[in-house]
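*Asks:* Here it is, the structure, as structure tokens.
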Amino acid sequence: MLFGLLTAAIGFNVMHDGAHGSFSKEPKLNMLAAFTLDFLGASSFMWNTKHNVIHHAYTNIEGVDDDIEAGILLRMAPQQKRYGFHKYQYLYVWPLYGLLYIAWVFYTDYKKYFSSKVGNVPLKKLSVTDHFIFWSFKAFHFILYVVLPIYTVGFWPWLIGFLFYTSSSGIILSLVFQLAHVIEETSFPDPVQPANKIEDEWAIHQLKTTANFATKNKFITWWVGGLNFQIEHHLFPRVSHVHYPAISNIIKQTCADIGVPYIEHVDMRSAITSHLSHLKRMGEQ
Ligand SMILES: [Zn+2]
Numbered sequence: 022m023l024f025g026l027l028t029a030a031i032g033f034n035v036m037h038d039g040a041h042g043s044f045s046k047e048p049k050l051n052m053l054a055a056f057t058l059d060f061l062g063a064s065s066f067m068w069n070t071k072h073n074v075i076h077h078a079y080t081n082i083e084g085v086d087d088d089i090e091a092g093i094l095l096r097m098a099p100q101q102k103r104y105g106f107h108k109y110q111y112l113y114v115w116p117l118y119g120l121l122y123i124a125w126v127f128y129t130d131y132k133k134y135f136s137s138k139v140g141n142v143p144l145k146k147l148s149v150t151d152h153f154i155f156w157s158f159k160a161f162h163f164i165l166y167v168v169l170p171i172y173t174v175g176f177w178p179w180l181i182g183f184l185f186y187t188s189s190s191g192i193i194l195s196l197v198f199q200l201a202h203v204i205e206e207t208s209f210p211d212p213v214q215p216a217n218k219i220e221d222e223w224a225i226h227q228l229k230t231t232a233n234f235a236t237k238n239k240f241i242t243w244w245v246g247g248l249n250f251q252i253e254h255h256l257f258p259r260v261s262h263v264h265y266p267a268i269s270n271i272i273k274q275t276c277a278d279i280g281v282p283y284i285e286h287v288d289m290r291s292a293i294t295s296h297l298s299h300l301k302r303m304g305e306q
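According to the numbering used here, the sequence shown is numbered sequentially starting from 22.
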């Protein structure tokens with residue numbers, strides 16, 4: 022489990038900043054930091070499109086933002102079709118979150134690769150090097166995390182360990198992303214037709230769809246790589262996360278001055294409660 026929590030911490034602290042170009046002033050170091058994701062089994066190429074291109078520009082927009090797409094199993098946004106079983110989604114969400122990491126490494130990356138799309142958005146064309154990197158890291162990860170452990174400790178001990186490892190990282194990865202966007206207070210705006218444009222200006226849209234949590238908790242801030250300061254991250258994704266606590270005061274004050282929302286939960290517990298009530302409401306409506 023500790024291994025899983027550390028895996029998530031590498032993703033939050035090193036990979037995420039690297040992919041945004043905010044880990045270092047050196048582009049090469051940023052690239053290396055972003056590649057820690059491939060080392061952990063997921064493709065940094067797919068991440069770039071899913072996260073940097075789509076999620077940051079089209080936050081919480083149903084049909085575009087892949088972060089609010091969980092197939093039919095979860096109804097996260099009001100525009101999504103409701104099924105009877107969604108009534109229980111606030112309960113069965115935990116095992117699903119536990120599967121996120123396994124699904125990401127062994128399924129959704131391949132789905133993006135073979136369909137050349139992230140949801141409805143086409144992927145940038147992969148070069149020969151991109152194809153080579155994708156497959157060699159997938160093979161490397163499979164040997165390091167599956168073949169070698171089975172060879173050394175046997176199938177069942179590996180499977181039990183692997184499930185503990187992947188479910189702890191899956192739950193924490195899901196939670197940090199969900200608490201930032203999928204809670205009662207955030208919105209899921211519809212584009213205005215026929216222009217197919219979002220009414221709010223980009224920064225206002227980010228403020229209405231993004232939330233902070235537990236920003237006074239130094240341990241959480243360190244562990245999740247400042248991603249509890251998602252408002253600051255979404256407004257300034259190319260600024261290193263170590264500066265978020267300092268700039269958050271300025272942003273909060275500015276939001277109060279100009280009368281735009283600054284959505285925040287004081288601790289993780291109230292943010293989780295808000296996330297679960299949102300899921301419950303989405304299941305009932
Ligand atoms: Zn980001």
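By construction, the Cβ of each residue, glycine as well, lies at the ideal position given by its N, Cα and C atoms.
Take F240 as the anchor and find which of F24, M22, G25, A30 has the nearest alpha-carbon.
*Replies:* Taking the first residue of the sequence shown as 1, we reach residue 240 at position 219. Answer by Cα proximity: A30.
*Asks:* Keeping to the same chain, check which residues put their C-beta closer than 6 Å to that of V142; ignore five residues upstream and five downstream.
*Replies:* Working through the sequence shown from its first residue, we reach residue 142 at position 121. Excluding residues within five positions, the ones whose Cβ falls inside 6 Å are I75.
*Asks:* Verify the contact flag: H202, CB atom, against every heavy atom of ligand 1, threshold strictly below 7 Å.
*Replies:* Translated into positions along the sequence shown, residue 202 becomes position 181. H202 Cβ: outside cutoff for every heavy atom of ligand 1.
*Asks:* For N233, which of helix, strand or coil comes out of DSSP?
*Replies:* Here residue 233 is taken as the residue at index 212 of the sequence shown, counted from 1. Of the three classes helix, strand and coil, the one that applies to N233 here is strand, per DSSP.
*Asks:* Spatial neighbours of K159 within its chain, please: CB distance less than 6 Å, with the 5 preceding and 5 following residues excluded, ordered by chain position.
*Replies:* Along the sequence shown, read from residue 1 onward, the residue named residue 159 stands at position 138. Once the five neighbours on either side are set aside, K159 has no close Cβ partner at all.
*Asks:* Would you mind giving the Cβ-Cβ distance between A232 and I192, rounded to the nearest angstrom? I have them listed as a contact below 8 Å.
*Replies:* For the purposes of this step, residue 232 is taken as residue 211 along the sequence shown, with counting starting at 1. For the purposes of this step, residue 192 is taken as residue 171 along the sequence shown, with counting starting at 1. In fact, because the Cβ distance is near 19 Å, the residues do not count as touching under 8 Å.
*Asks:* Quick check on this structure: which residue in S298, R259, E222 has the alpha carbon closest to the alpha carbon of V281?
*Replies:* If you number the sequence shown from 1, residue 281 lands on position 260. Nearest C-alpha to V281: E222.
*Asks:* Within 8 Å, do at least three Cβ pairs link the stretch 212 to 222 to the stretch 145 to 154?
*Replies:* Contact between the stretch 145 to 154 and the stretch 212 to 222 is absent, because fewer than three Cβ pairs lie under 8 Å.
*Asks:* Run the CB neighbour count on F66, radius 10 Å, all protein chains shown included, and call it buried at 16 or more, exposed below.
*Replies:* As a working mapping, residue 66 is identified with position 45 in the sequence shown. Per the 10 Å Cβ criterion, buried.
*Asks:* Look up P10 in the DSSP assignment and give the residues it is bridged to.
*Replies:* Since the first and last residues shown for the chain are 22 and 306, residue 10 lies out of range.
*Asks:* Confirm, please, whether the CB-CB distance from G62 to H162 is below 8 Å.
*Replies:* For this step, residue 162 is matched to residue 141 along the sequence shown. For this step, residue 62 is matched to residue 41 along the sequence shown. Contact flag set, yes.
*Asks:* Would you decide whether Y104 is buried or exposed? Buried here means 16 or more other CB atoms lie within 10 Å of its CB.
*Replies:* By one-based count along the sequence shown, residue 104 stands at place 83. Answer is exposed; the Cβ neighbour count stays below 16.
*Asks:* Compare the Cα-Cα distances from Y79 to each of L50, C276, H107, L256 and report the closest residue.
*Replies:* The sequence position of residue 79 within the sequence shown is 58, counting from 1. Selected option, being the one with the closest Cα: L256.
*Asks:* Beta carbon of H226: closer than 7 Å to some heavy atom of ligand 1?
*Replies:* Counting from 1 along the sequence shown, the entry for residue 226 is found at position 205. No, since every heavy atom of ligand 1 falls outside the 7 Å radius drawn around the Cβ of H226.
*Asks:* Less than 8 Å separating the beta-carbons of S43 and P258?
*Replies:* Residue numbering aside, residue 43 sits at position 22 when the sequence shown is read from its first letter. Residue numbering aside, residue 258 sits at position 237 when the sequence shown is read from its first letter. Yes, Cβ-Cβ distance for S43 and P258 is below 8 Å.
*Asks:* For the candidate residues V287, L112, S189, F250, whose alpha-carbon lies nearest to that of L121?
*Replies:* What you label residue 121 is simply residue 100 of the sequence shown in a count that begins at 1. Measuring from the Cα of L121, the nearest candidate turns out to be S189.
*Asks:* What are the start and end residues of each continuous alpha helix (DSSP H) run of 4 or more residues lying completely inside the stretch 27 to 83, in chain order?
*Replies:* Counting only runs of 4 or more, we get 37 to 41, 48 to 55, 57 to 60, 65 to 68.
*Asks:* Among H262, L58, D86, A277, which one has its Cα closest to the Cα of H202?
*Replies:* One-based indexing of the sequence shown puts residue 202 at position 181. Selected option, being the one with the closest Cα: D86.
*Asks:* In three-state terms, what does DSSP make of E305?
*Replies:* Along the sequence shown, one-based indexing puts residue 305 at 284. Correct three-state label for E305: helix.
*Asks:* Is it buried or exposed, R96, if we count other Cβ atoms within 10 angstroms and call 16 or more buried?
*Replies:* Within the sequence shown, the letter at position 75 stands for residue 96. It is buried - the Cβ of R96 has at least 16 other Cβ atoms within 10 Å.
*Asks:* Tell me where the alpha helix (DSSP H) around H254 begins and ends.
*Replies:* Indexing the sequence shown from 1 puts residue 254 at position 233. That run of the alpha helix (DSSP H) goes 251 to 256.
*Asks:* Rounded to whole angstroms, what is the Cα-Cα separation between H254 and L248?
*Replies:* The count along the sequence shown starts at 1 and reaches residue 254 at position 233. The count along the sequence shown starts at 1 and reaches residue 248 at position 227. The alpha-carbon atoms of H254 and L248 are separated by roughly 7 Å.
*Asks:* In this structure, does DSSP put A98 in helix, strand or coil?
*Replies:* Within the sequence shown, numbered from 1, the residue matching residue 98 stands at position 77. It is coil, neither helix nor strand.
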